[in-house]
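Asks: In my numbering, the protein residues as written are 1 to 229.
Positions of the beta carbon are idealized from the N, C-alpha and C atoms, including for glycine.
Have a look at the structure that comes next, please.
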C-alpha cells in the first residue's frame, strides 16, 4: 500500500507496521518466520497513492489542486449532468471538504473515477502529533483495508485485502494454486485461535468454520485453505 503525504515530516520509503495481532500470533505459534505488512510513504505524490495523509490545517493545499483541475474541466463542459456534478464538487472543495467524504451515486461515481480528482482518493486528516503506526492504521481504515492471517510454527503472515473480500480472493492473495484448486476454507476468529493450542484444536472444538469460496472474510480472521491441484 502506498501512502502519499504532504505538509508533514514523515520518512519516505517502506515502514513496517507494528501489528499487535501478528505479534501475538508469532508469540503463540513460535513461528520461525514472520511476514509483517509494510506501508510505503511517498512525499507529494498522489496519483500512485492508495491513500493520502495531510495535516487538517493544511488540507486546503491539497484541495486547491482539485479546484484548479475542476475549474479547467468546467470551462470545457456544456450544460448537463457532468457540469452540475463538477459545480457541486467545486462548492464542496471551497468548503474544505475532500471529495472522498462525499456520498456520490453510482452514475456520479463513474464520472468521478474518470475525472480522478486527488481528494477522491482516501484522505486522512491528522493533527500532526500522531506516530507513524497510528498514521498507517488511519490510512488503512480510511482506504477500507483489513488484515487476515495465516499462522503456524513455520510462519505467521499478515495479509492485506479490501474489506468485504471473499475467501477465494484471499486464497489467491496467498498463492494462485490455492485459488485454482480451492475446495473449502477453514476460518477461525483471532480470539478463538488464541484460546486454542493450534488450528486443529480449533477444528476439534468446533470453533473453526468450514466455508465456501464466497464466504466474506472478516478482519483479523485466521484462515486455512483446502485445495487440490
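Across the region 50-62 and the region 177-196, are there enough close Cβ pairs to call them in contact, namely three or more that are closer than 8 Å?
Replies: Flag = no, the region 50-62 and the region 177-196 do not touch.
Asks: Would you please state the rounded distance, in angstroms, between the beta carbons of residue 85 and residue 108? I believe it to be under 8 Å.
Replies: Working through the chain shown from its first residue, we reach residue 85 at position 85. Working through the chain shown from its first residue, we reach residue 108 at position 108. Residue 85 to residue 108, Cβ: 6 Å. Contact.
Asks: State the start and end residues of the unbroken beta strand (DSSP E) segment that holds residue 15.
Replies: Numbered from its first residue, the chain shown carries residue 15 at position 15. Per DSSP, residue 15 belongs to the beta strand (DSSP E) from 13-16.
Asks: How would you call residue 150, buried or exposed, if buried means at least 16 neighbouring beta carbons within 10 angstroms?
Replies: Counting from one through the chain shown, the residue named residue 150 turns up at place 150. So residue 150 ends up on the buried side.
Asks: May I ask you to report which of helix, strand or coil DSSP gives residue 186?
Replies: Sequence index remark: in the chain shown, residue 186 carries index 186 (1-based). Residue state, collapsed to three classes: strand.
Asks: For residue 136, count neighbouring Cβ atoms within 10 angstroms of its own Cβ and tell me buried if that reaches 16, exposed if not.
Replies: Looking up residue 136 in the chain shown gives position 136. Answer is buried; the Cβ neighbour count reaches 16.
Asks: Is residue 97 a contact residue of the ligand FMN, with contact defined as CB to any heavy atom under 6 Å?
Replies: Annotation note on the ligand FMN: not contained in the displayed structure, which lists no ligands.
Asks: I'd like to know if the region 156-163 and the region 141-148 are in contact, where contact means that at least 3 CB-CB pairs between them fall below 8 Å.
Replies: As far as the Cβ criterion goes, the region 156-163 touches the region 141-148, which means the pair count is three or higher.
Asks: If residue 185 sits next to residue 223, beta carbons under 8 Å apart, how far is it from one beta carbon to the other, in whole angstroms?
Replies: For the purposes of this step, residue 185 is taken as the residue at position 185 of the chain shown. For the purposes of this step, residue 223 is taken as the residue at position 223 of the chain shown. At roughly 6 Å, the Cβ-Cβ gap stays under 8 Å, so residue 185 and residue 223 are in contact.
Asks: Helix, strand or coil: how does DSSP classify residue 102 here?
Replies: Taking the first residue of the chain shown as 1, we reach residue 102 at position 102. Coil at residue 102, not helix or strand.
Asks: For residue 171, count the other beta carbons within 10 Å of its own beta carbon; 16 or more makes it buried, fewer makes it exposed. Which is it?
Replies: One-based indexing of the chain shown puts residue 171 at position 171. It is buried - the Cβ of residue 171 has at least 16 other Cβ atoms within 10 Å.
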